[in-house]
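*Asks:*
There are 2 protein chains.
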Amino acid sequence: MAKSEAGKKKRVYFRPDNINVIVERGANLLEVAIDAGVHINASCGGAGTCGTCKVSIEKGEVESTKTAKLSEEEYKQGIRQACQSRVATDVTVYVPVESRLEKAVLSRESKEVAGTIATGWRFNPPLNKHFVELTPPTLEDNASDLSRLLIGLKRQCNLSNLTVDFDVVRALPKSLRDGDWKVTVTTLVTAVKSRAGDRRRPRVINIEAGDTREKHYSLAFDIGTTTVCGQLLDLNRGRVIAESLAYNGQISYGQDVITRIAQCQKPGGLKKLQRAVIATINDVIEELLTKSKVSTTHIGHIIVAGNTTMTQILLGLDPKYIRLAPYIPVANFVPPVEASSLGIQVKKHVYLFAFPSVSSYVGGDIVSGIVGAGVHQREKLTFYMDVGTNGEIVIGNSDWMVTASCSAGPAFEGGGVKFGMIAREGAIEDFSLNPANFEPVIGTIGKAKPKGICGSGLINIVAGLLESQVIGQNGKFNTSLPTERIRAGSDGNEYVLSWAPETQIDKDIVITEVDIDNLMRAKAAMYAGCQTLTSSVGVSTADLEQVIIAGAFGSSINIEKAIFIGLLPDIPRDRFIFIGNGSLLGARLTSFSTDILDDVRRVAQMMTNFELSERVDFMNNYVAALFLPHTNADEFPSVSERLSKNKPKRRITV
Amino acid sequence: MAKSEAGKKKRVYFRPDNINVIVERGANLLEVAIDAGVHINASCGGAGTCGTCKVSIEKGEVESTKTAKLSEEEYKQGIRQACQSRVATDVTVYVPVESRLEKAVLSRESKEVAGTIATGWRFNPPLNKHFVELTPPTLEDNASDLSRLLIGLKRQCNLSNLTVDFDVVRALPKSLRDGDWKVTVTTLVTAVKSRAGDRRRPRVINIEAGDTREKHYSLAFDIGTTTVCGQLLDLNRGRVIAESLAYNGQISYGQDVITRIAQCQKPGGLKKLQRAVIATINDVIEELLTKSKVSTTHIGHIIVAGNTTMTQILLGLDPKYIRLAPYIPVANFVPPVEASSLGIQVKKHVYLFAFPSVSSYVGGDIVSGIVGAGVHQREKLTFYMDVGTNGEIVIGNSDWMVTASCSAGPAFEGGGVKFGMIAREGAIEDFSLNPANFEPVIGTIGKAKPKGICGSGLINIVAGLLESQVIGQNGKFNTSLPTERIRAGSDGNEYVLSWAPETQIDKDIVITEVDIDNLMRAKAAMYAGCQTLTSSVGVSTADLEQVIIAGAFGSSINIEKAIFIGLLPDIPRDRFIFIGNGSLLGARLTSFSTDILDDVRRVAQMMTNFELSERVDFMNNYVAALFLPHTNADEFPSVSERLSKNKPKRRITV
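Protein chains in written order, with the numbering used here: chain A, 585 to 1238; chain B, 585 to 1238.
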């Protein structure tokens, strides 16, 4: 490429993104960055008043207005506000972590979702890396290695009031000398901010020779009863580098938390179940590292969110009293633990932070989802539902929140479903039916040959079968239809979604009446929970200003079809938003911002738990919901209307 | 025993001491306690103004004046000032920990020593046990186990802002239910108070079912290059329960710290040396527990003081750079470590606190000694010397302190001495000589048959031999004397202290010229250090207002004899005080009082280190001191006078 002429064209090189652009001399640096796809915070929109778009001019010159947002010292160091700077020469611009745009934290969530996540937080991960260059010791200055390091951290990084892990002390002499007195120090804010304005004491957890700031990663996990989802995060760029999910290895010990707890009571049971989920986590980590080519050495932190039982078993805390009235968890707030002490294959300095839970049946996953979705930040009356094995629901806003859990069972995650599977490549997700010949049109994740059915696929399939009257509102097949796809199978009647030769597994992939029954019970539990909880706080579903649906069961959910089968209430469609795995979203945002970490305690403490299992109306609502969409047609006016339109047509075809 | 009559005689029962006394009605409670040997603080001497003698009247009544030192609430709870109370009926009096007399912390130190230890501190051990009775959970009150515990600790023990160890969380459900919601919680103040008035965050380290407050012990250790001394402390009563000492198992890897550091550089060397000292510590613990019949379960804390090298090796911190200029320790302040992770045989919840050091050659043992002796509390110009393998010395007062170490070698602890031994039973400690026939009169520790010579014994023997001119001022034997006790041995000439049949070891116990030479070099290093350090701060030995001698080499040191051989300066004898193992004293007092723990940081930071090895005058002073008592007779006027008196007399005896 030709060099930029001495005249008007200038080259701007952005670090650490490694992006080069050629622009006109005098171009506004913030605009250049936006055009180049380099993320820079600018909450005031470029007015120069917020001071969030600071960048460091490493080479070359910009013409810049100095506002009050820039200290004398910063100015001397070459720090400038991007929005106040115009390109004067070829320049190299370093965009520091704190100036990167928060929206970069989204991975595959849609633009729409971006509007629903928590806002107003700064990019300041609890895990930090600091580079210091120390003066080597002399006879006149023979402070200990640790004192030298702490003085350096104070002078060069303005870090004080630190706690130092013993292993760091042990590694000090070698690291300092191997790095020729230049080292990278990793600090972690472990505690959520306590009352009374105590200063935080960041913990020094690791020291490495040389400058290793560029390698700075952490892991976020959603530990579900059925599936475990993990993300590898780049803490310099606030980005998801890789994502992976797997069935929770505990599944072989039972499908719901109650069975798992019972298993834990057998001799050695807790240890076995703990090992099973740790093995799954290790598999996910391995896949994340392989995909991303990141070394385990550079993982510095793990944040997990899970329901109370999953969290306790993961940590080796006996879940016995979760199952017995009055349903007591060991602890809602658990201190951070050395991840390797649990068997997780990461370096010894890596701490695991588990999201606090609210009660035995309202876990850290829901707290994480609420924080991630920013429900606590808005005045809107919001209904939040995490569609999963435990089916946790929340209603509230920035002032109050009530929560409950409705034990949906594993159907939404493919559990208890003959060909059910996790939402991975080959899972049937989209489904429609040709009403003329009852032949299906299916779509799979990754457009691969079908392998099974994921949770969102199951909803779509049942909705499709219902609409075409292949099944009745009681979930039973209409065996009189002229198609060989409906047949008797080992689990009662079934419908063939894909013939063996078209699949990856050389078997006919079917959906059975048992599968449909499982889904009906799952959706009935969720809907009954929703009804019971809303009525218990004196509102009706029509009052809900926003319904946030979270779930690990697929990349997206078809709201219309979910209403059609009676999972979601029949209210205006624009109030619904699907955010994907909310638990993982909250874990990720917390990995990116200590501000969010601070919200976590507040949210967990503001939630009031509601025991559905103790309520008669919940059981009544549940039984009434064991129908497609519901025994009470008035609850689902739009669905009833559509079903009644279809009816005559179908009845003819015999 | 007959019941006390309804009339004048009343019974007073003191808890937890379990002491009963019969007294006149109207007797002053403080005086009753003093007479009964029950320790109660009363720093104002009974005037009612200090409020330190508070006791709890559990049964019966006292007539009491309520002063401003007693709050309304305390008064209602039955708390009284002992000095303001007169016995009215039979009473049961509970003396709380904070009211017990600080002098109770002394073990075998003399009354004289009691005047030299740190004063003004309250009895408030960093390790505490708290008993709470919780309300069992119900459906209406189904907080987590941990929340329930923390609320109980706040309401019943006024404890908040706690950090909870993860293992405690893990043990919670079982402990709470085993104890029927009554449990004992152990807390530890691990950090020394930091600047800026941050509140301490005590750490919850253990939970036990039921009320276990009565079993509340800790360990204090002095980890010397040559010997390891340990004490088992009763933290309810502020008493030493048992004491034990043993040779540091590292001795087989070399006698001084330099050799030990060199050994650590071999492959696996550090690990080996660490294991050696841990094995010694475990032996000492076992002996302490056997002696006292205390179970290891009830040990809750360990405080160790040692020189920098010993501390680093104990903790597994590479001491490599201690030996190389510019002599850098890894850390002066080391965070507390789980003792069991080092291999120490105590429960997992036990933390080990190591005294901070000042530099590579001024260790935690000297900081501990200074704090224990209260040098930092007084204006008096004090010279503190720890007579041991490292020979650490301090000069200063409450305003300033300079320190140095003078590498005396192991002679004072029986190392490098043919029949040298630790100061245990059978060690020759006292020695005198019949000038008529040169026959010795020896005294041993425990009055047992002799087994060897301890450090203080060595000083007494050499002084005795010198005074009787059995050896000359150069340390060589006068072989012309008419006694078969002087003879040629494998290590040059020697003197038989005890013939084989009189010993426990069936060998002649002798002192050799090599032994004497080792002692001379050791005392020369100490004396030269003293001279160099005093002159470097512009004072002379005559200016010293107090000389505190510490050492693990025997139960006492004969000051006169130590001056006679030139170990201590020839100044008025009433300025000297021997406090025994100062390092252990400080470790013990710190175990008893968080106030002292707070002093530790301040003292370590106020010490200025002085590298003697870099000074020419130190070498000159050392060479000049390689004589008994010194080549410069003017330095030791009183000794010279005595020697010259003896001379003619001795010369005749050929």
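We put the CB at the ideal spot given by N, CA and C, even for glycine.
As the structure is a prediction and not an experimental result, all values here were calculated from the model.
1) Label A:Glu-656 either buried or exposed according to how many other C-beta atoms from any shown protein chain fall within 10 Å of its C-beta, with 16 as the threshold for buried.
2) To the nearest angstrom, how far is it from the Cα of B:Ser-691 to the Cα of B:Arg-823?
3) Enumerate in chain order the residues of its own chain whose CB-to-CB distance from A:Thr-1028 is below 7 Å, with the five nearest sequence positions on each side excluded.
4) Mind listing which residues of the segment 918–935 of chain B have their C-beta closer than 9 Å to chain A's C-betas, in chain order?
5) Ignoring anything shorter than 4 residues or poking outside the segment 920–960 of chain A, list the alpha helix (DSSP H) runs there in chain order.
6) Mind the definition here: the segment 896–904 of chain A touches the segment 737–744 of chain B only if three or more C-beta pairs lie below 8 Å; say whether that holds.
7) Determine the burial state of B:Ala-1188: buried for a count of at least 16 other Cβ atoms within 10 Å of its Cβ, exposed for fewer.
8) Determine, using beta carbons only, whether B:Tyr-659 comes closer than 8 Å to chain A.
9) If B:Glu-642 sits next to B:Thr-676, beta carbons under 8 Å apart, how far is it from one beta carbon to the other, in whole angstroms?
10) With a CB to CB cut of under 6 Å and the five nearest residues on each side skipped, what residues in its chain are close to A:Asp-601?
11) Against chain B, does A:Ser-731 count as a neighbour if the rule is that its beta carbon must be under 8 Å from one of theirs?
12) Quickly, what does DSSP pair B:Gly-1164 with across the bridge? List them, please.
13) Kindly list the residues whose CB is nearer than 6 Å to the CB of A:Gln-929, restricted to its own chain and excluding five residues on each side of it in sequence; keep chain order.
14) Per DSSP, what kind of secondary structure is B:Tyr-1111 in: helix, strand or coil?
15) Could you give the distance in angstroms between the alpha-carbon of A:Val-596 and the alpha-carbon of A:Asn-604?
16) Measuring alpha carbon to alpha carbon, tell me which of B:Ser-1119, B:Ile-1163, B:Met-1104 ends up nearest B:Val-1131.
17) Starting from B:Asn-916, find everything on chain A with Cβ-Cβ shorter than 9 Å and list it in chain order.
18) Spell out whether any CB of chain A is found under 8 Å from the CB atom of B:Arg-784.
19) What residue does the beta strand (DSSP E) around B:Glu-976 start on, and which one ends it?
20) Check the DSSP bridge columns for B:His-714 and list the partner residues they point to.
21) Assuming the contact rule is C-beta atoms closer than 8 Å, B:Ala-889 and B:Phe-939 should be a hit. Round their C-beta distance to whole Å, please.
22) Please report the distance separating the alpha-carbon of B:Pro-1156 from that of B:Ser-1040.
23) Against chain B, does A:Ser-943 count as a neighbour if the rule is that its beta carbon must be under 8 Å from one of theirs?
24) Flag this pair as yes or no: are the beta carbons of A:Val-861 and A:Gly-833 separated by less than 8 Å?
25) Run the CB neighbour count on A:Trp-705, radius 10 Å, all protein chains shown included, and call it buried at 16 or more, exposed below.
26) Just to confirm, is the Cβ distance from A:Asn-981 to A:Glu-963 under 8 Å?
27) I'd like to know if the segment 606–614 of chain B and the segment 1073–1083 of chain A are in contact, where contact means that at least 3 CB-CB pairs between them fall below 8 Å.
28) With distances taken Cα to Cα, identify the nearest neighbour of A:Glu-798 among A:Asp-764, A:Gly-1166, A:Thr-774, A:Ser-879.
29) Restricting to Cα atoms, I'd like to know which of B:Met-985, B:Thr-892, B:Asn-1021, B:Ile-1093 is closest to B:Met-1005.
30) What did DSSP end up calling A:Ser-876 once you bin it into helix, strand or coil?
31) Closer than 7 Å, Cβ to Cβ, to anything on chain B: give me those residues from the segment 705–724 of chain A, in chain order.
32) Would you mind reading off the limits of the beta strand (DSSP E) that contains B:Glu-1013?
33) Would you identify the three-state DSSP class for B:Glu-1198, choosing helix, strand or coil?
34) Would B:Glu-686 count as contacting chain A if we go by Cβ distances under 8 Å?
35) Between which two residues does the alpha helix (DSSP H) carrying A:Asn-1044 extend?
36) Along the chain, where does the alpha helix (DSSP H) containing B:Phe-1148 start, and where does it finish?
*Replies:* According to the structure data:
1) With fewer than 16 neighbouring CB atoms inside 10 Å of its own CB, A:Glu-656 falls in the exposed class.
2) Since pLDDT at B:Ser-691 reaches only 39, below the 50 mark, its modelled position is unreliable, and no value is offered.
3) Same-chain partners within the cutoff: Gly-1010, Ala-1011, Ile-1012, Glu-1013, Pro-1034.
4) Those residues of the segment 918–935 of chain B placed with their C-beta closer than 9 Å to a C-beta in chain A are Val-918, Pro-919, Pro-920, Val-921, Glu-922, Ser-925, ordered along the chain.
5) For the segment 920–960 of chain A, the continuous alpha helix (DSSP H) assignments of 4+ residues that do not extend past its boundaries occur at 948–957, in sequence order.
6) The segment 896–904 of chain A and the segment 737–744 of chain B do not touch, with fewer than 3 CB-CB distances between them shorter than 8 Å.
7) It counts as buried.
8) Not an interface residue.
9) Correct: roughly 4 Å between the Cβ atoms.
10) So the qualifying residues of the chain are Val-622.
11) Yes, A:Ser-731 lies at the interface with chain B (some Cβ there is under 8 Å from its Cβ).
12) In DSSP, B:Gly-1164 forms a bridge with B:Ala-1134.
13) Excluding residues within five positions, the ones whose Cβ falls inside 6 Å are Asn-866.
14) The answer is helix: DSSP assigns B:Tyr-1111 an H, G or I state.
15) Each residue's CA atom was taken as its position, placing A:Val-596 and A:Asn-604 some 6 Å apart.
16) Of B:Ser-1119, B:Ile-1163, B:Met-1104, the residue nearest in Cα terms is B:Ile-1163.
17) Contact note: B:Asn-916 reaches chain A through Ala-727, Ser-728, Leu-730, Ser-731, using a C-beta cutoff of 9 Å and chain order.
18) Under the 8 Å criterion on CB atoms, B:Arg-784 is classed as non-interfacial with respect to chain A.
19) 976–980 is the extent of the beta strand (DSSP E) around B:Glu-976.
20) In the DSSP output, where bridge partners are listed per residue, B:His-714 has B:Val-769.
21) Here B:Ala-889 really is in contact with B:Phe-939; their C-beta atoms are around 4 Å apart, less than 8 Å.
22) Rounded to whole angstroms, the separation of the alpha carbons of B:Ser-1040 and B:Pro-1156 is 21 Å.
23) Taking Cβ atoms only, chain B reaches closer than 8 Å to A:Ser-943, which makes this a yes.
24) It is a contact, given that the beta carbons lie within the stated cut-off.
25) So A:Trp-705 counts as buried.
26) Going by beta carbons, A:Asn-981 and A:Glu-963 fall inside the 8 Å limit.
27) Too few Cβ pairs lie closer than 8 Å, so no.
28) Residue A:Ser-879 is the option with its Cα nearest to A:Glu-798.
29) Comparing Cα positions, the closest option is B:Ile-1093.
30) A:Ser-876 falls in the helix class under three-state DSSP.
31) For the segment 705–724 of chain A, the residues whose beta carbon sits under 7 Å from a beta carbon of chain B are, in order, Pro-721, Thr-722, Leu-723.
32) First-last of the beta strand (DSSP E) with B:Glu-1013: 1011–1017.
33) For B:Glu-1198, the three-state secondary structure derived from DSSP is helix.
34) Confidence at B:Glu-686 is low in this model, with a pLDDT of 43, below 50, so the placement of that residue is unreliable and no value is reported for it.
35) Counting along the chain, the alpha helix (DSSP H) containing A:Asn-1044 begins and ends at 1039–1051.
36) Counting along the chain, the alpha helix (DSSP H) containing B:Phe-1148 begins and ends at 1143–1148.
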